[in-house]
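For what it's worth, the numbering used here labels the leading residue of the sequence shown as 198, then goes sequentially.
No residue lacks a Cβ here, since even glycine has one placed at the ideal position from N, Cα and C.
Here the structure comes first, spelled out in structure tokens, and everything after it is commentary.
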Amino acid sequence: MNDLADHEERPERPVEADGTAHLFRALGKQIKALREAAGLHQKELAARLNVGEDLIGAIERGVRTPQPDLLERADKVLGARGVLLAAIPEVKEAQKRVRTRHPDWFRDYARAEAAADAIHDYSHQGVMGLLQTEGHARAVFTKRRPLLDEEAIEKRVQDRLARQQILEKWPSPTITLVLDENLLRRQVGGLKVHRGQLRRILEVGHLRTVDLQVMPFQRGEHPAMEGSFTLLHPKGRQQVAYHESFNRPNLITDPAHVRIFAERYGIIRSEALRPIESLALIEKMLGEL
198 MNDLADHEER
208 PERPVEADGT
218 AHLFRALGKQ
228 IKALREAAGL
238 HQKELAARLN
248 VGEDLIGAIE
258 RGVRTPQPDL
268 LERADKVLGA
278 RGVLLAAIPE
288 VKEAQKRVRT
298 RHPDWFRDYA
308 RAEAAADAIH
318 DYSHQGVMGL
328 LQTEGHARAV
338 FTKRRPLLDE
348 EAIEKRVQDR
358 LARQQILEKW
368 PSPTITLVLD
378 ENLLRRQVGG
388 LKVHRGQLRR
398 ILEVGHLRTV
408 DLQVMPFQRG
418 EHPAMEGSFT
428 LLHPKGRQQV
438 AYHESFNRPN
448 LITDPAHVRI
458 FAERYGIIRS
468 EALRPIESLA
478 LIEKMLGEL
């Protein structure tokens with residue numbers, strides 16, 4: 198993996214022309230038609246498939262890839278009589294060919310994240326991409342400076358949502374997350390979007406493959422007040438640390454420096470609320486809203 202520290206942001210790659218985007222949009226429309234024919238709302242279908250409502254919406258718009266196991270369950274729930282099952286071989290083939298499209302400075306990290314055996318993240322300034330809802334991500338990209346045009350905003354939102362497929366992988370990587378309480382208080386995108394973001398964090402926090410903790414205000418100072426960072430275990434390689442500021446990435450591979458971040462992470466996990474307490478706090482915040 199290349200050192201990202203000296204990479205400048207360059208123009209985006211053009212949208213891939215391998216047909217995968219068209220396949221997923223067509224499949225999304227098919228799922229939507231079957232759902233409506235069955236008289237189900239997105240929330241009802243999500244409950245029956247044991248997934249989030251946001252995921253169903255994103256799949257129907259073609260911005261998230263429906264995993265083969267989800268297609269199997271959806272075929273039965275929607276009474277599709279094998280229609281969705283027939284698409285599974287094409288979906289698997291498309292997943293082999295599809296390429297992640299991100300700004301140049303982020304692509305190496307995105308590839309490492311997708312293939313990691315373990316992800317440990319402390320989020321301080323903003324909600325990490327793996328947790329963001331579509332509305333939250335769109336608000337973030339709309340507000341950034343210099344301004345992005347509408348096409349670039351839509352593309353970056355879709356790419357960010359596509360990264361979240363890592364949460365659906367099996368076997369899953371080891372995932373631990375620590376969120377600073379200020380992230381849960383800031384209403385990015387307005388009240389409605391913020392409610393949806395808190396619900397999404399709760400949804401991920403309840404996954405048995407994820408340990409999610411909150412660092413509360415009342416803890417005061419702690420060793421990671423300088424900002425967010427991520428620890429990754431790339432397959433077959435030593436642990437690395439990653440942090441960024443204003444799109445300036447810094448991938449740290451030196452074992453002595455990585456050890457410093459690992460030590461900080463261990464301390465803040467010990468000082469943060471336990472997962473069950475963290476989820477209770479978020480539920481309380483939702484109730485207050």
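Exposed unless 16 or more other CB atoms sit within 10 angstroms - verdict on residue i
| i | result |
| --- | --- |
| Phe414 | exposed |
| Arg456 | exposed |
| Leu231 | buried |
| Ala271 | buried |
| Lys481 | exposed |
| Met412 | buried |
| Gly259 | buried |
| Gly326 | buried |
| Glu206 | Reliability of the predicted coordinates at Glu206 is poor, the pLDDT of 33 falling under 50, and the value obtained from them is presented with this limitation in mind. The residue in question, Glu206, is exposed, as its Cβ has fewer than 16 Cβ neighbours within 10 Å. |
| His403 | exposed |
For residue i, the three-state DSSP class (helix, strand or coil)
| i | result |
| --- | --- |
| Leu404 | coil |
| Val344 | Val is not the amino acid found at residue 344; the sequence shown has Leu there. Here Leu344 sits in coil by DSSP. |
| Thr371 | strand |
| Arg445 | strand |
| Ala277 | coil |
| Ala313 | strand |
| Gly332 | helix |
| Leu470 | coil |
| Asp272 | helix |
| Asp451 | coil |
| Glu418 | coil |
| Ala459 | helix |
| His238 | coil |
| Gln362 | helix |
| Val385 | coil |
Residue j beta carbon less than 8 Å from that of residue i
| i | j | result |
| --- | --- | --- |
| Gly386 | Ala349 | no |
| Leu376 | Ser320 | yes |
| Ala235 | Leu275 | yes |
| Ala243 | Glu331 | no |
| Ile184 | His419 | In this structure the chain extends from 198 to 486, so residue 184 is not present and cannot be described. |
The ligand SAM heavy atom lying under 7 Å from the CB of residue i
| i | result |
| --- | --- |
| Arg278 | Because no ligand of any kind appears in the structure shown, any question about the ligand SAM cannot be addressed here. |
Bridge partner(s) assigned by DSSP for residue i
| i | result |
| --- | --- |
| Lys410 | With the sequence shown as reference, residue 410 is identified as Gln, and Lys is not the correct amino acid for it. Val375. |
| Asp318 | Leu374, Thr427 |
| Val437 | Leu429 |
Next item on the list: Would you be able to state if there are at least three C-beta pairs under 8 Å between the segment 378-395 and the segment 354-363?
Entry: no
Notebook entry, point to check: Between the segment 431-438 and the segment 306-314, do at least 3 Cβ pairs fall closer than 8 Å?
Noted result: Yes, the segment 431-438 is in contact with the segment 306-314.
Notebook entry, point to check: Is the segment 361-378 in contact with the segment 281-289, if contact means three or more CB pairs nearer than 8 Å?
Noted result: Not touching, per the Cβ criterion.
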